Structures are given as C-alpha cells and as structure tokens.
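Quick note on the numbering used here: the sequence shown kicks off at 1215 and runs consecutively. Positions of the beta carbon are idealized from the N, C-alpha and C atoms, including for glycine. The structure presented is a predicted model; accordingly, all values stated were derived computationally and were not measured. Since the structure comes first, as structure tokens, the remarks are kept for the end.
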Amino acid sequence: MLVQLLFIFILFMPALGLIFIGLALAPSHRKLLWLSWLGALVFGLSFYCLHLKIEFLFYSFFVLGPLIFGLGLPLDLSRAKRTQAGLSGLGILIIFGLTLLALARMLNRV
C-alpha cells in the first residue's frame, strides 16, 4: 500500500505543480477550453508511451500535458491570483524535488 501511495505521489505531484504554472501563464481575456482537452489527451498519451517503453516521449508528454491543461482551464483569475497559482506550482515542484532528494539519500544509506 505504501509503495502504491509513493508511486501516486511521484507521478502526480509534479503534474499538479505544472497545472498551477500553466494556470498562471493562461491569458485572462480568452477562454481556451479546447487546450484543457488537448492537455488531458497529451497527459494520457504519456502513459501510453511509458507502456511502449519510449522514455523520451513519456517525459516530454508528462511535462507538456499538465502545462497545456492548466493553460486551457476556463477560470477568470485576477493578476494576483495567477501569480499566487504560479508560485504555488513552483513551490510544489521545489518541495517535490527536495523530497526525492531526501528519499534518494535515505535509500543510499540503507
């Protein structure tokens, strides 16, 4: 059970951070809902590439999918809220990286 939760954390925490960064970069005056569907499709395609063992496409689509999804979310946010979403996404990515670094150091000592 713990391994499954760790796997979910490893896969979806950077995706959540990238969604927030995409939301921060989204234009506030236009609604690009079709980009959300495209981002979800690209994100799903990344796991298909993982199934096919094409790692380069997996990592490319894994980064682009959530970012495109966040760009297309139909939210009308003020500039302050978009800045807050971008900083939250950046913070999630930093905490995720530090967590992976701590796990790697812990596993090397065992």
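In this structure, the straight-line span from the alpha carbon of Ile1268 to that of Phe1275 is close to 11 Å. Per the coordinates, the alpha-carbon of Ala1316 lies some 10 Å from the alpha-carbon of Asn1322. In the same chain as Pro1228, and ignoring 5 residues on each side of it, the C-beta atoms closer than 7 Å to its own belong to Leu1307, Phe1310, in chain order. Secondary structure of Ile1306 (DSSP, three-state): helix. Judged by beta-carbon spacing, Gly1236 lies beyond the 7 Å limit of Ser1260, meaning their Cβ atoms are not closer than that value.
Short of 8 Å from the beta carbon of Gly1258, and not among the five residues preceding or following it, lie these beta carbons of its own chain, in chain order: Gly1279.
A residue is called buried when at least 16 other Cβ atoms come within 10 angstroms of its Cβ; Val1217 does not meet this threshold and is exposed. Residue Gly1284 holds the alpha-carbon nearest to the alpha-carbon of Leu1255 among Leu1219, Phe1270, Gly1284, Ile1224.
Per DSSP, Ile1268 lies in no alpha helix (DSSP H) segment and is marked neither H nor E. Residues of the same chain with a CB within less than 8 Å of the CB of Leu1230, apart from the 5 flanking positions on each side, are Pro1280, Gly1303, Ile1306 in chain order. Between Leu1287 and Ser1250 a beta carbon distance of about 6 Å is seen, short of the 8 Å cut, so the two are scored as contacting.
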